[in-house]
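Colleague: Going by the working numbering, the sequence shown opens with residue 44, and the numbers climb by one from there.
The C-beta atom is built at its ideal place from N, Cα and C for all residues, glycine as well.
Keep in mind the model is a prediction, meaning the values are calculated, not measured.
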Amino acid sequence: MSTGERVVAFAPGRVNLIGDHTDYTGGFAMPMTVGLGTEASFQPDPSAPAIEVTSSLEGEPGRIPLSIPAQPLELAMVLPEWARYVGAVVAVVRPTSGGKAEVSSDLPVGAGLSSSAALEVALALALGAEETGRELALTCQRAEQLATGVKTGILDQLAIVSGRAGHAMLLDCGTLGVRYVEVPTDELEFVVVDSGVRRSVSETAYGLREAECAEAARLLGPLRHVSPRQVDGIADHVIRRRARHVVSENARVLAFAGMLERAELEEAGRLLDESHRSLAIDFEVSVPELDELVTWLQGLPGVLGARLTGAGFGGCALALARPGVLGRRLGTRRHWVVAPGGGARRC
Ligand code: GLA
């Protein structure tokens with residue numbers, strides 16, 4: 044048996060500072076990568092017809108044939124369930140050799156820190172994906188869509204491949220452009236707090252929200268070019284509220300980027316509060332546990348703003364706080380003080 048060289052790759056998780064449910068409408072978002080992440084290794088064995096995969100987070104290993112079709116229905120049959128992401132990455136990267144893959148991660152699953160996208164990107168790199176940057180992000184976005192059967196956006200994968208230490212990123216999800224903004228880490232702290240509620244995108248109304256936004260765009264054109272006044276003219280009150288979230292959130296992202304650059308942190312914090320209100324009321328992607336957590340965080344001294352982060356329906360809240368004030372208040376509640384990390388890489 045001849046074996047090739049073992050390849051190891053790392054992909055960080057990401058936290059979205061502001062700009063949720065804007066990416067799949069070609070809008071703006073401002074994430075940063077975090078220190079936590081996923082490592083994938085691959086030991087090729089050219090005589091093997093499949094990839095055998097284990098994960099530090101999962102008991103049951105998976106086995107993905109190299110010929111697995113790039114079809115959501117076929118991928119939905121893969122068991123154990125977590126290996127569907129592996130199947131989808133194999134289907135889009137098409138490695139020429141089978142072998143053994145190992146995944147290990149310190150990212151909480153389903154908490155809104157993009158554990159699935161980190162797995163996709165780390166594994167794609169370990170399996171020999173040749174693309175880099177935005178092409179790699181697009182390949183992994185396809186894997187996510189195949190694995191979940193949901194038309195998820197580019198935010199997570201683009202953030203993960205683009206991360207730069209010390210910086211957040213203003214993502215233009217229409218052009219896939221990235222502008223780096225330095226985070227003044229001596230003046231602020233980002234703290235991610237777990238609501239304890241877990242949902243995967245396939246079990247939520249994510250797909251419905253995507254369809255509602257597509258309907259708004261059918262009526263008014265690309266939402267990034269739409270004004271609040273045009274939104275007010277939408278007759279259907281549900282579509283109007285969905286569009287109002289997207290249009291106002293895009294404006295908040297652009298304003299937030301400027302405030303972060305100028306270290307106008309009180310103002311930036313207020314935008315996080317507004318973002319949460321918009322996601323909860325107009326976009327309806329919050330849950331009572333998250334609303335309660337966010338309201339509590341917003342009331343703490345030294346907290347400048349807080350919001351749900353990521354897809355919602357559970358997962359985490361993000362607080363922008365003065366350094367060191369929040370840790371002791373959180374006690375045993377699961378939380379992470381996150382600093383902007385680097386991007387995905389082969390090790
Ligand atoms: C999930 C999706 C992203 C994005 C966020 C919400 O993380 O994977 O594409 O839509 O939800 O902003």
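So which of A382, G384, L361 has the shortest CA-CA distance to L373?
Modeller: With distances taken between Cα atoms, L373 lies closest to L361.
Colleague: Give me, in chain order, the residues of the same chain whose beta-carbon lies closer than 8 Å to that of G206; leave out the 5 immediate sequence neighbours on both sides.
Modeller: Taken in chain order, the residues that qualify are P55, R57, M75, T76, M212, P383, G384, G385, G386, A387.
Colleague: Quick check: does the Cβ of H280 come within less than 7 Å of any heavy atom belonging to ligand 1?
Modeller: H280: no, Cβ never under 7 Å from ligand 1.
Colleague: Using the three-state DSSP reduction, which class does I197 fall into: helix, strand or coil?
Modeller: Three-state result, I197: coil.
Colleague: Counting Cβ pairs, one atom from each stretch, are 3 or more of them under 8 Å apart for the stretch 97 to 108 and the stretch 122 to 132?
Modeller: Yes, since at least three Cβ pairs between the stretch 97 to 108 and the stretch 122 to 132 fall closer than 8 Å, the two stretches touch.
Colleague: What separation, rounded to the nearest whole angstrom, lies between the Cα atoms of L189 and P271?
Modeller: Looking at the two C-alpha atoms, the distance is approximately 34 Å.
Colleague: Considering only their Cβ atoms, is the gap separating L168 from R389 smaller than 8 Å?
Modeller: Closer than 8 Å, so yes.
Colleague: Under three-state DSSP, which class holds E173?
Modeller: E173 falls in the coil class under three-state DSSP.
Colleague: Since I believe A354 is in contact with V337 (beta carbons under 8 Å), could you give me their beta-carbon distance rounded to a whole number of angstroms?
Modeller: V337 to A354, Cβ: 15 Å. No contact.
Colleague: Shortest alpha-carbon distance to D325 belongs to which of L162, P87, R252, E95?
Modeller: Ranking L162, P87, R252, E95 by Cα distance to D325 puts R252 first.
Colleague: Tell me whether M120 sits in a helix, a strand or coil according to DSSP, three-state version.
Modeller: It is coil, neither helix nor strand.
Colleague: Under 8 Å between C-beta atoms, does D88 make it to chain C?
Modeller: Structure shown: chain C not included; a single protein chain is present.
Colleague: Indicate whether G142 and P87 have their beta-carbon atoms separated by less than 8 Å.
Modeller: Going by C-beta atoms, G142 is nearer than 8 Å to P87.
Colleague: Is N293 near ligand 1, going by C-beta to nearest heavy atom under 7 Å?
Modeller: No.
Colleague: What residue range is occupied by the uninterrupted alpha helix (DSSP H) comprising F85?
Modeller: Segment 71 to 88 is the beta strand (DSSP E) holding F85; no alpha helix (DSSP H) there.
Colleague: Excluding five sequence neighbours on each side, which residues of the same chain lie with their C-beta closer than 7 Å to the C-beta of M44?
Modeller: Here M44 scores only 45 on pLDDT, less than 50, and its place in the model should not be relied on; the value that follows carries that caveat. Counting only Cβ-Cβ distances below 7 Å, and skipping sequence neighbours, we find D88, S90.
Colleague: Find out if the Cβ-Cβ distance for the pair G196, C216 is shorter than 8 Å.
Modeller: Their beta carbons are under 8 Å apart, which means G196 touches C216 by this criterion.
Colleague: If I'm right that G62 touches E292 with Cβ under 8 Å, what's the distance once you round it to whole angstroms?
Modeller: That pair is a contact at about 6 Å.
Colleague: Are the beta-carbon atoms belonging to L170 and V136 less than 8 Å from one another?
Modeller: Yes, these two residues count as a Cβ contact at 8 Å.
Colleague: Unbroken beta strand (DSSP E) runs of length 3 or more, entirely within the stretch 302 to 353: which are they?
Modeller: 346 to 352, all fully within the stretch 302 to 353.
Colleague: Enumerate in chain order the residues of its own chain whose CB-to-CB distance from V269 is below 6 Å, with the five nearest sequence positions on each side excluded.
Modeller: Excluding sequence neighbours, V269 sits near L263, V290.
Colleague: Just mark L340 as buried or exposed, buried being the case when its beta carbon has 16 or more other beta carbons within 10 Å.
Modeller: Buried.
Colleague: Can you find a heavy atom of ligand 1 that lies under 7 Å from the Cβ of T218?
Modeller: No, the Cβ of T218 stays beyond 7 Å of every heavy atom of ligand 1.
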